[in-house]
Amino acid sequence: MALSLGFVVGILGVVILSHAAYSTVQYRGLLKIMEEEFSGPPLTVVAELLLGLGFCMWAALTVPGTFLSIHPYSEENRIVSLPDNLDFMIFNHRAKVFPVELDLKFKH
Amino acid sequence: MGASEKKSSEAAFDVPTLNAENLQSNMKVIYYSRTFMSIIGGIIAGILGFTGLTGFIFYFLIMTVTSVGLIAKTGFTVYSYFDSWSQIILDGFLGGLLSFVLFWTFAYDIVHIF
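Listed in order, the protein sequences are those of chains B and D.
For the first sequence, my numbering gives the first residue as 330, with consecutive numbering after it.
For the second sequence, my numbering gives the first residue as 15, with consecutive numbering after it.
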């Protein structure tokens, strides 16, 4: 798979998050030794998590692909959507040899 | 003739055709973005040690930020890429919740219990 920038940023974000997880595990080990309660990870870990979140958010918005316009008349779609345009569709079938049907009203 | 009259009266009911293939591709893009962000949000919630309601509040926060990011990605012209607002805001919300809870409990177990 081609390593685009967004992909690399995403992997970097995940690596930062796993490093933060490892630091938290070590912090908890330290707390167990000192017999204190776990109230929250240290500030450096929180900062690291925010950085990882930022990277992953950027990757989530750029990696899956760009948005394509859905209007058939927009600049980039004019040529591409010609086959879908109803004006150019021709329906030929053998029923055209039947006489034209009249609008018959329902009589009680 | 009868055929041409039928066509002009149908013009009033003509639904503006949308490029369905592009619409579907756009929905796929939102789905991937939302799923990835739910997973990342779950991991972060587990590392931070959230339990109970705080975690779900965190999930809604992450989803809101993702929605704002997606709307910014369209350049704030939602209607040129999607049918309606609800598609870009609500799609994939509940599916992401399940992934969030899964990775939340996973990360919480790894970091805080083992």
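Just so it is clear, CB atoms sit at the ideal spot from N, CA and C, and this is done for glycine as well.
Taking 3 residues as the minimum length, the segment 26-70 of chain D contains no beta strand (DSSP E) run wholly inside it.
At a cut-off of 8 Å between beta carbons, B/His-422 makes no contact with chain D. Secondary structure at B/Val-429: coil, using DSSP grouped into helix, strand and coil. Counting only the Cα atoms, B/Ser-333 lies some 37 Å from D/Ile-127. Think of a sphere of 9 Å around the beta carbon of D/Ser-94: the chain B residues whose beta carbon falls inside it are Phe-396, Ser-398, Ile-399, His-400 and Ser-403, in chain order.
In this structure, D/Leu-32 lies away from B/Ile-419, with their beta-carbon atoms at least 8 Å apart. Taking 8 Å as the upper bound for CB-CB distance, D/Gly-56 and D/Trp-99 are not in contact here, some 26 Å apart. Contacts between B/Thr-353 and chain D, judged by CB atoms closer than 9 Å, involve Ile-61, Leu-62, Gly-63, Val-125 and His-126 in chain order.
For B/Val-337, the enclosing alpha helix (DSSP H) begins and ends at 334-363. A check of alpha carbon separations from B/Glu-377 across B/Pro-393, B/Glu-366 and B/Val-343 identifies B/Val-343 as the nearest. When CB distances to chain D are screened at a threshold of 8 Å, the residues of the segment 353-379 of chain B falling below it are Thr-353, Val-354, Arg-357, Phe-367, Gly-369, Pro-370, Val-374, Val-375 and Leu-378, in chain order.
For the 8 Å CB-CB criterion, B/Gly-381 and B/Leu-346 form a contact.
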